[in-house]
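Okay, so here's the structure we're looking at.
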Amino acid sequence: MHELVVLGTASQVPTRTRNHNGYLLRWNGEGLLFDPGEGTQRQMTLAGVSSHRVTRICLTHVHGDHCLGLPGVLSRMVLDGVAHPVHLHYPASGEDVVRALVSLATPGLDLRRHPHAGPGPVAAGLEVRPLLHRVETYGYRLVEPDGRTFLPDRLAAAGITGPDVGRLRREGRLRGVRLEDVSEPRPGRRFALVMDTAPCPGAEELADGVDLLVAESTFADDDAALAARYRHLTAGQAGALAAGGGVGMLVLTHFSSRYTDVDRLAELARVRAGGATVVAAQDLDRIVLPSRRRPGRAPRTAPR
Numbered sequence: 341m342h343e344l345v346v347l348g349t350a351s352q353v354p355t356r357t358r359n360h361n362g363y364l365l366r367w368n369g370e371g372l373l374f375d376p377g378e379g380t381q382r383q384m385t386l387a388g389v390s391s392h393r394v395t396r397i398c399l400t401h402v403h404g405d406h407c408l409g410l411p412g413v414l415s416r417m418v419l420d421g422v423a424h425p426v427h428l429h430y431p432a433s434g435e436d437v438v439r440a441l442v443s444l445a446t447p448g449l450d451l452r453r454h455p456h457a458g459p460g461p462v463a464a465g466l467e468v469r470p471l472l473h474r475v476e477t478y479g480y481r482l483v484e485p486d487g488r489t490f491l492p493d494r495l496a497a498a499g500i501t502g503p504d505v506g507r508l509r510r511e512g513r514l515r516g517v518r519l520e521d522v523s524e525p526r527p528g529r530r531f532a533l534v535m536d537t538a539p540c541p542g543a544e545e546l547a548d549g550v551d552l553l554v555a556e557s558t559f560a561d562d563d564a565a566l567a568a569r570y571r572h573l574t575a576g577q578a579g580a581l582a583a584g585g586g587v588g589m590l591v592l593t594h595f596s597s598r599y600t601d602v603d604r605l606a607e608l609a610r611v612r613a614g615g616a617t618v619v620a621a622q623d624l625d626r627i628v629l630p631s632r633r634r635p636g637r638a639p640r641t642a643p644r
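Residues in the sequence shown are numbered from 341 upward in steps of one, following this note's numbering.
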């Protein structure tokens with residue numbers, strides 16, 4: 341199951357209808373919680389997300405609207421009896437803040453901290469790139485391994501059924517039939533999360549070829565000067581980021597409280613988003629990832 345649960349969509353301060361940031365991604369048996377802002381524990385309850393689902397917590401940076409919910413989430417996991425290890429990824433420069441937040445949580449969780457100080461992989465299939473904000477900030481990218489999809493008519497013609505299908509997948513050849521004779525390539529899913537940043541190469545690398553891009557859209561295009569001053573994206577810049585990367589779906593979030601109608605931001609993004617589907621996220625939305633990246637497009641850049 342590949343599903344994004346939107347726990348909050350407000351930047352800086354929550355509003356009557358929007359909680360601080362928070363995003364839970366269900367991905368191949370893992371649950372990755374990104375940027376748990378204040379109130380995330382309650383939002384998880386409202387969304388029906390069990391704390392047992394969380395296996396990794398990923399902080400883009402240590403501004404309060406992206407991390408102040410951490411102690412509550414960790415304490416809830418202890419209360420719920422979460423026994424599996426939980427991995428916490430964050431910028432190394434935020435070590436003091438993270439230690440302070442963790443110290444506020446109820447002890448008893450097997451929490452494993454993983455600070456990072458540069459681009460590259462931080463876990464299997466999970467990598468980071470630096471963004472351009474007022475403090476050290478990283479975006480996250482998940483890449484699923486490519487696979488193959490069996491073609492039932494070709495399997496039937498080759499007389500391969502039952503357990504022999506699995507054997508053919510494992511061994512690559514069975515009774516003269518090759519795996520590629522009865523299957524076709526299935527590109528792995530790709531996901532990226534780009535939070536507080538001005539336009540930068542790191543954001544472009546994260547967005548390249550992904551099926552689903554979650555991107556901040558703090559300001560409207562006519563507030564571009566404010567966006568530049570505080571190093572955030574406008575809706576149009578988020579759309580351009582999606583177009584440049586050939587993104588399948590763009591989910592906008594991290595909205596300034598000055599905008600009560602975020603559909604306007606979605607329209608601004610659509611103008612520049614190329615072929616990407618554009619969605620303005622609402623709290624508690626559930627978004628299923630596309631089954632694969634759009635066919636015929638290879639990533640522009642190889643993972644580093």
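In this text, a Cβ means the ideal position worked out from N, Cα and C, and glycines have one as well. Here the structure is a predicted model, which means the values were calculated and not measured.
Does the beta-carbon distance from residue 536 to residue 593 come in below 8 Å? Taking 8 Å as the cut-off, the Cβ atoms of residue 536 and residue 593 do not count as close.
Close beta carbons around residue 481, own chain, < 6 Å, minus the five adjacent residues each side: Exclusion of the five residues before and after residue 481 leaves 467, 532 and 546 as the residues of its chain whose Cβ lies within less than 6 Å of its Cβ.
DSSP state of residue 473 mapped onto helix, strand, coil: It is coil, neither helix nor strand.
State yes or no: is the C-beta of residue 389 within less than 8 Å of the C-beta of residue 364? In this structure, residue 364 lies closer than 8 Å to residue 389 by Cβ.
May I ask you to report which of helix, strand or coil DSSP gives residue 444? The answer is coil: DSSP assigns residue 444 none of H, G, I, E or B.
Three-state class that DSSP yields for residue 599 in the structure shown: Coil, per DSSP.
Buried or exposed: residue 628, going by 16 or more other Cβ atoms within 10 Å of its Cβ? If you draw a 10 Å sphere on the C-beta of residue 628, you find fewer than 16 other C-beta atoms in it, and that means exposed.
Quick check on DSSP: helix, strand or coil for residue 348? Residue 348 carries a strand assignment under DSSP once its states are collapsed to helix, strand and coil.
Residues bridged to residue 525 [DSSP beta-bridge criterion]: Paired residue(s): 488.
What does the Cβ neighbour count give for residue 556, buried or exposed, with the cut at 16 atoms within 10 Å? Its Cβ being crowded by 16 or more others within 10 Å, residue 556 is buried.
Could you give the residue range of the alpha helix (DSSP H) that holds residue 503? Looking at the DSSP string, the run of the alpha helix (DSSP H) that includes residue 503 is 503-511.
Look at the Cβ atom of residue 567, then the Cβ atom of residue 558, and state whether they are nearer than 8 Å. Cβ atoms of residue 567 and residue 558: closer than 8 Å.
Considering residue 366, what are the terminal residues of the beta strand (DSSP E) in which it resides? Element bounds for residue 366: 362-367.
Specify the secondary structure class of residue 400 as computed by DSSP and reduced to three states. Residue state, collapsed to three classes: coil.
Once DSSP output is grouped into helix, strand and coil, what is the label at residue 384? Residue 384 carries a helical assignment under DSSP once its states are collapsed to helix, strand and coil.
So what does DSSP say about residue 433, is it helix, strand or coil? Look at residue 433 here: in three-state DSSP terms it is helix.
Taking the straight line between their C-alpha atoms, what separation do you get for residue 465 and residue 353? So the two alpha carbons sit approximately 32 Å from each other.
Exposure label - residue 647; buried when at least 16 CB within 10 Å: This structure cannot speak to residue 647, because the chain is shown only from 341 to 644.
Pull up the distance between the alpha-carbon of residue 600 and that of residue 523, whole angstroms please. Whole-angstrom Cα-Cα distance: 49 Å.
Using 8 Å as the threshold, is the region 497-516 in touch with the region 432-452, meaning 3 or more CB pairs across them? Touching, no.
Is residue 547 helix, strand or coil when you go by DSSP? Residue 547: helix per DSSP, three-state reduction.
Give the DSSP-derived three-state secondary structure of residue 378 in the structure shown. Reduced to three states, the DSSP call for residue 378 is coil.
From 471, 470, 415 and 457, pick the residue whose C-alpha is nearest to that of residue 450; which is it? Distances from the alpha-carbon of residue 450 to those of 471, 470, 415 and 457 put 415 closest.
On the DSSP bridge assignment, give the partners of residue 555 in chain order. BP columns for residue 555 point to 534 and 592.
Cβ-based burial, residue 622 [other Cβ within 10 Å; buried from 16]: So residue 622 ends up on the exposed side.
Out of 375, 534, 343 and 612, point me to the one whose CA is closest to residue 469's CA. If we check each option's Cα against that of residue 469, 534 comes out closest.
Inter-residue spacing [alpha-carbon to alpha-carbon] between residue 732 and residue 429: Here the chain covers residues 341 to 644 and nothing more, so residue 732 does not appear.
Taking the alpha helix (DSSP H) that residue 567 belongs to, which residues open and close that run? Run containing residue 567: 564-570, per the alpha helix (DSSP H) assignment.
State the start and end residues of the unbroken beta strand (DSSP E) segment that holds residue 460. 460-463 is the extent of the beta strand (DSSP E) around residue 460.
Mind checking whether residue 549 and residue 585 have CB atoms under 8 Å apart? Their beta carbons are under 8 Å apart, which means residue 549 touches residue 585 by this criterion.
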